[in-house]
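Residue 220 in our numbering sits at position 83 of the sequence shown, with consecutive numbering throughout.
Each residue gets a CB set at the ideal place from its N, CA and C atoms; glycine is no exception.
Model, not experiment: these values are computed from the prediction.
Comments concern the structure below.
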Amino acid sequence: MTSETTPVTAERERELLGRVPTGLLFGDGWSAAEDGATFPVVDPATGQAIAHVADASPADGARALDAAAAAQEGWAATAPRERAEILRRAFELVTARTDDLALLMTLEMGKPLAESRGEVAYGAEFLRWFSEEAPRISGRYATAPDGANRLMVLKRPVGPCLFITPWNFPLAMATRKIAPAIAAGCTMVLKPAALTPLTALYFAELLREAGLPDGVLTVIPTTRAGAVTAPLIRDPRLRKLSFTGSTEVGRRLIADSAEQVLRVSMELGGNAPFLVFDDADLDRAVAGAVLAKMRNGGEACVAANRFLVQRGIAERFTQAFTERMRGFRVARGTEPGSTMGPLVDEPTRTKVAELVAGAVEDGARVALGGRAVDGPGYFYEPTVLTDVPADARILDEEIFGPVAPIVVFDTEEEAVTLANATPFGLVAFAFTSDLNRGLRLAERIETGMFGLNAGVVSNPAAPFGGVKQSGLGREGGFEGIDEYLETRYVGIADPFAG
Ligand code: NAP
Numbered sequence: 138m139t140s141e142t143t144p145v146t147a148e149r150e151r152e153l154l155g156r157v158p159t160g161l162l163f164g165d166g167w168s169a170a171e172d173g174a175t176f177p178v179v180d181p182a183t184g185q186a187i188a189h190v191a192d193a194s195p196a197d198g199a200r201a202l203d204a205a206a207a208a209q210e211g212w213a214a215t216a217p218r219e220r221a222e223i224l225r226r227a228f229e230l231v232t233a234r235t236d237d238l239a240l241l242m243t244l245e246m247g248k249p250l251a252e253s254r255g256e257v258a259y260g261a262e263f264l265r266w267f268s269e270e271a272p273r274i275s276g277r278y279a280t281a282p283d284g285a286n287r288l289m290v291l292k293r294p295v296g297p298c299l300f301i302t303p304w305n306f307p308l309a310m311a312t313r314k315i316a317p318a319i320a321a322g323c324t325m326v327l328k329p330a331a332l333t334p335l336t337a338l339y340f341a342e343l344l345r346e347a348g349l350p351d352g353v354l355t356v357i358p359t360t361r362a363g364a365v366t367a368p369l370i371r372d373p374r375l376r377k378l379s380f381t382g383s384t385e386v387g388r389r390l391i392a393d394s395a396e397q398v399l400r401v402s403m404e405l406g407g408n409a410p411f412l413v414f415d416d417a418d419l420d421r422a423v424a425g426a427v428l429a430k431m432r433n434g435g436e437a438c439v440a441a442n443r444f445l446v447q448r449g450i451a452e453r454f455t456q457a458f459t460e461r462m463r464g465f466r467v468a469r470g471t472e473p474g475s476t477m478g479p480l481v482d483e484p485t486r487t488k489v490a491e492l493v494a495g496a497v498e499d500g501a502r503v504a505l506g507g508r509a510v511d512g513p514g515y516f517y518e519p520t521v522l523t524d525v526p527a528d529a530r531i532l533d534e535e536i537f538g539p540v541a542p543i544v545v546f547d548t549e550e551e552a553v554t555l556a557n558a559t560p561f562g563l564v565a566f567a568f569t570s571d572l573n574r575g576l577r578l579a580e581r582i583e584t585g586m587f588g589l590n591a592g593v594v595s596n597p598a599a600p601f602g603g604v605k606q607s608g609l610g611r612e613g614g615f616e617g618i619d620e621y622l623e624t625r626y627v628g629i630a631d632p633f634a635g
């Protein structure tokens, strides 16, 4: 992971925070919450509030959906090229404002600036990718098999969507939904995570600057997620829910969506296995392991959660990986040289500490770290656990922190069984120099995504998503826009008959 070298001054932070919209975005611009409520946004490196943001009520949620529903028909009628150009301008604007967006993200969720810049680049790419997909929405016209009737198939926008996004990638989780919805011609209500609303609010203003018409996107940060979104999910004007977050909340939202048979996309939790075989290139495997574990400080759904290492390479891998983990510099993300920031809040840090304590009770040995860092903020040391028994509880849970449990296995068969021994199925990683083995694993491990000798798989041009309890639907790739399109079939009488 790279680090920044230019210090960020307190004045620069104040100046930026002074420019971020802190209201709710409705069809007629920014407003306060109807009851005037606000809530604080906290810098997890200091525990101090850095901004206060309007706190949407259920009435504000209803007002947002009113705007989205009113704008839908006109927006669906715009030319695909017009929607593409808005997305392209948004891509240029986000890229031009990388410094602002990266600093905001670091201030509200903690990751080092270099990583925040990486997320800006990744998040922006969805805008560019879907600007290129918008003009390619197409249908088909065919002769029926009996040669008589004609079959016409159209793609239509699904309609008003509700987006609920998490705090760990405050920009990219929003652009991965917003960009394909704009391309398809859907209007949207966005509810960003209460921990990280600032990036979403700043981005929404950039979309307005890019020419997005009023009402196409409304934004409603709130501390009452369930109370504000549940009535929208029951409202027949809403046609789609796309959620990224925990499996626990996702499961509840799927149940709520059943009432009006709402179309859903769910990007949920993961429990990624990271497999290293005896024949792996050690340097590549270690570099991949560091990326897969430590991107976003381990607070990623695709983070390697279980390191499964074959016995013949286990000692060398563990030693080299532990040395790389020791090299992380844990500090506020704005500090030059910081390569790991704080965890997002105290409950997240407590959960990580409990998982480590439980693993030690189950027989694991702490080879590195294993402690919270003193002082303000929610820092936790990069941690390596060895001798982890295959039935340790830590292997069943999404760690969401900088902790790497290492389990040793003997055979490929055993590795596949261990990898699949989870209700999750988002991503798996495997390092081997045997191509056939790699392809066998890609077919046998039950995940939506698979990294072969690669520690990062996310790419806007690829379909991101999981199987089993990791979710439904795909974001990005050619598949991403389908989540926002309905298929409409028109049966036409034989034009030559009669
Ligand atoms: P979370 O607690 O499920 O929250 C996600 C979002 O849902 C937040 O905006 C949250 O609002 C909202 N929410 C919570 N309860 C709700 C309810 N009853 N009704 C409607 N909305 C509700 O997850 P998180 O802790 O923010 O994020 C971490 C999780 O996200 C992890 O499990 C991670 O694996 C998953 N994730 C998955 C992907 C993927 O693509 N598969 C990507 C990133 C993260 P508040 O902020 O107000 O709580």
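Spatial neighbours of valine 593 in its chain, beta-carbon cut-off 6 Å, leaving aside the 5 residues before and after: Leu428
Cβ-Cβ distance between valine 564 and threonine 548 below 8 Å: no
Run of the beta strand (DSSP E) containing methionine 289, from where it starts to where it stops: 287–294
Three-state secondary structure (DSSP) of alanine 434: As written in the sequence, residue 434 is glycine, which differs from the alanine given in the question. The answer is helix: DSSP assigns glycine 434 an H, G or I state.
Environment of glycine 211 [buried if 16+ CB atoms lie within 10 Å]: exposed
Sequence ranges, beta strand (DSSP E) only - wholly within the segment 508–537, length at least 3: 520–523
Distance CB(isoleucine 223)-CB(leucine 622) smaller than 8 Å: no
For tyrosine 278, the residue or residues it bridges with in DSSP: Met289
Distance, proline 410 Cα to phenylalanine 465 Cα: 22 Å
For aspartate 197, the three-state DSSP class (helix, strand or coil): helix
Endpoints, the beta strand (DSSP E) within which aspartate 180 is located: 175–180
Length-filtered (3 minimum) beta strand (DSSP E) runs lying within the segment 242–274: none
Beta-carbon separation (whole angstroms), proline 597 vs glutamate 262, contact threshold 8 Å: 4 Å
Alpha-carbon to alpha-carbon, lysine 292 and glycine 184: 48 Å
Spatial distance of proline 317 from leucine 202 (CA atoms): 19 Å
CB-CB length for leucine 241 against leucine 153, believed under 8 Å: 7 Å
Proximity test, phenylalanine 587 beta-carbon vs the ligand HEM heavy atom, cut-off 7 Å: By its list of ligands, the structure shown excludes the ligand HEM, since it contains just the ligand NAP.
Local Cβ density within 10 Å of glutamate 245, reported as buried at 16 or more and exposed below that: buried
Threonine 355 beta carbon less than 8 Å from that of valine 401: no
Neighbour-count burial assignment, phenylalanine 615, 16 or more Cβ in a 10 Å radius: exposed
Among Gly382, Val497 and Asp528, the one whose alpha carbon lies nearest that of leucine 609: Gly382
Cβ-Cβ distance between phenylalanine 568 and asparagine 590 below 8 Å: yes
Assigned secondary structure, glutamine 447 (DSSP; H/G/I helix, E/B strand, else coil): strand
At least 3 beta-carbon pairs within less than 8 Å: the segment 383–394 vs the segment 188–206: no
Same chain only: Cβ atoms within 7 Å of glutamine 209, ignoring 5 sequence neighbours per side: Gly296, Pro297 and Thr324
Distance, alanine 258 Cα to arginine 226 Cα: 15 Å
One or two residues paired with alanine 186 in a DSSP bridge: Val179
Opposing strand residues paired with alanine 565 [DSSP bridges]: Phe587
Reduced DSSP category for isoleucine 629 - H, G, I as helix; E, B as strand; rest coil: strand
Where the alpha helix (DSSP H) through leucine 327 begins and ends: Element bounds for leucine 327: not the alpha helix (DSSP H) but the beta strand (DSSP E), 325–328.
Extent of the continuous alpha helix (DSSP H) run through arginine 388: 384–394
Coarse secondary structure for asparagine 305, derived from DSSP in three states: coil
DSSP bridge partner residues for serine 413 (one or two, in chain order): The amino acid occupying residue 413 in the given sequence is valine; serine does not appear at that position. In DSSP, valine 413 forms a bridge with Val446 and Phe568.
Rounded separation between arginine 99 and glycine 635 - CA only: Beyond the ends of the chain as shown, which are 138 and 635, falls residue 99; an answer cannot be given.
Cβ neighbours of threonine 559 in the same chain (closer than 6 Å, five flanking residues each side left out): Asn408
Separation of lysine 314 from arginine 486, as counted between CA atoms: 29 Å
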